[in-house]
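Have a look at the structure below before the remarks.
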Amino acid sequence: MSTTIARGSQFELDPGKPVRRHPVTEEVIQPLHTISLLVRNKPGVLVRVSLIFSRRGYNIESLVVCPAVSAPGSSEISGEFSRMTITCSGEPDTLEQIIKQLEKLIDVVHALDHTGQSVIESELALIKVKVGLKERTEILQVADHYHAKAVDYSADSMILRVEGETDKIDAVIALLKPFNIVELVRSGKILMVRGLETT
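First residue of the sequence shown? That's 102 in this note's numbering, and the numbers climb one at a time after it.
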């Protein structure tokens with residue numbers, strides 16, 4: 102399950118940090134935080150997690166849920182646990198309170214904020230672009246530069262598949278914007294902590 106939502110909001114900008122803009126609308130948006138949760142795979146867990154964010158006014162940008170191994174160090178996937186990766190935007194102080202509330206939920210094993218941590222992250226996007234013969238060559242040059250793959254062609258459209266970090270996906274979308282993006286689907290971010298430490 103994954104959703105991607107963009108929202109404009111009023112907030113204080115830190116002059117010491119680079120401004121982050123939405124790749125399509127170019128609105129200034131708040132810095133992103135990535136949280137991982139290990140939860141018991143029970144009905145209603147997702148609703149309870151979402152409610153905590155909603156009550157605090159914190160925007161969920163993307164949410165990815167997948168099966169997790171039974172226990173740290175185990176390779177068995179029994180279906181007992183799920184891993185949630187939540188990308189969200191908002192004030193750091195509020196996020197700290199959200200994580201404390203998440204860890205109080207009975208079916209949450211742990212909740213971790215990975216902002217600034219050494220992690221491997223990845224995201225997938227499918228981008229459908231309206232093209233003519235002239236634009237096709239330029240779009241393929243963009244795709245080649247970012248190691249994107251053209252997975253579908255027609256006389257007037259092309260679908261590209263892009264994998265990588267969020268900044269890479271954003272850059273490809275920004276470069277394709279002048280070519281008339283017809284449709285865009287993003288998977289949401291997944292990540293894993295480097296080394297033997299579990300996510």
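Idealized CB from N, CA, C, for every residue including glycine.
Query	Result
Indicate the three-state DSSP secondary structure (helix, strand or coil) for I207 in the structure shown.	coil
With distance defined between alpha-carbon atoms, name the residue in V210, D214, S183 nearest to S195.	The question names Ser, but residue 195 is Thr in the sequence shown. Nearest of V210, D214, S183 to T195, Cα basis: D214.
Could you give the distance in angstroms between the alpha-carbon of S190 and the alpha-carbon of G233?	37 Å
The beta strand (DSSP E) that contains R262, what's its start and end?	258 to 265
Hey, out of L138, S183, N160, K250, whose CA is closest to P168's CA?	S183
Taking only runs that begin and end inside the stretch 212 to 278, name each unbroken beta strand (DSSP E) of 3 or more residues, in chain order.	220 to 231, 250 to 254, 258 to 265
Take N160 as the anchor and find which of I136, V140, Q242, N142 has the nearest alpha-carbon.	I136
Starting from S183, follow the beta strand (DSSP E) in both directions and report where the run begins and ends.	182 to 190
Where do the ends of the beta strand (DSSP E) carrying V294 lie?	291 to 294
I'd like to check one pair, L203 with V209: are the Cβ atoms closer than 7 Å?	yes
Taking the C-alpha atoms as reference points, what is the distance between R295 and D257?	43 Å
Taking only three categories from DSSP, how would you classify L285?	strand
Can you give the Cα-Cα distance for H248 and K205, rounded to whole angstroms?	42 Å
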